[in-house]
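Remarks on the structure that follows.
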Amino acid sequence: MLFGKTSQAKKEIEALFHEVQINLENNYKDLAISARKQAEVKLAEYQAAGELKEKEYKKLKEQLDEYTKRMEGYHH
1100 MLFGKTSQAK KEIEALFHEV QINLENNYKD LAISARKQAE VKLAEYQAAG ELKEKEYKKL
1160 KEQLDEYTKR MEGYHH
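Our numbering applies: residue 1100 is where the sequence shown begins, and numbers increase by one.
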């Protein structure tokens, strides 16, 4: 990568976001909810451990909040 390396923490959270997106597109609500919750937990863990830069954390948190807003009406 030319502009710096992407942290493993960021890659893992982005993979979970991708899973959320795929499940939303396929209308798999329960799986989307589960993946979003996993992403939320991992984001908090990596932030607490200092494995994400503040800028990365804010960007990922905004993306998580966007998914949360899209999924407001989803219930088990």
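For glycine and all other residues, C-beta sits at the position ideal for the given N, C-alpha and C.
- Taking C-beta atoms under 8 Å as the contact rule, residue 1137 and residue 1159 fail to qualify, at a distance of about 13 Å.
- In this structure, 1141 is the residue among 1128, 1165, 1141 with its C-alpha nearest to the C-alpha of residue 1110.
- The stretch 1163-1173 and the stretch 1143-1155 do not touch, with fewer than three beta-carbon pairs separated by less than 8 Å.
- The alpha-carbon separation between residue 1171 and residue 1131 amounts to approximately 12 Å.
- Annotation: the continuous alpha helix (DSSP H) that includes residue 1161 extends over 1153-1169.
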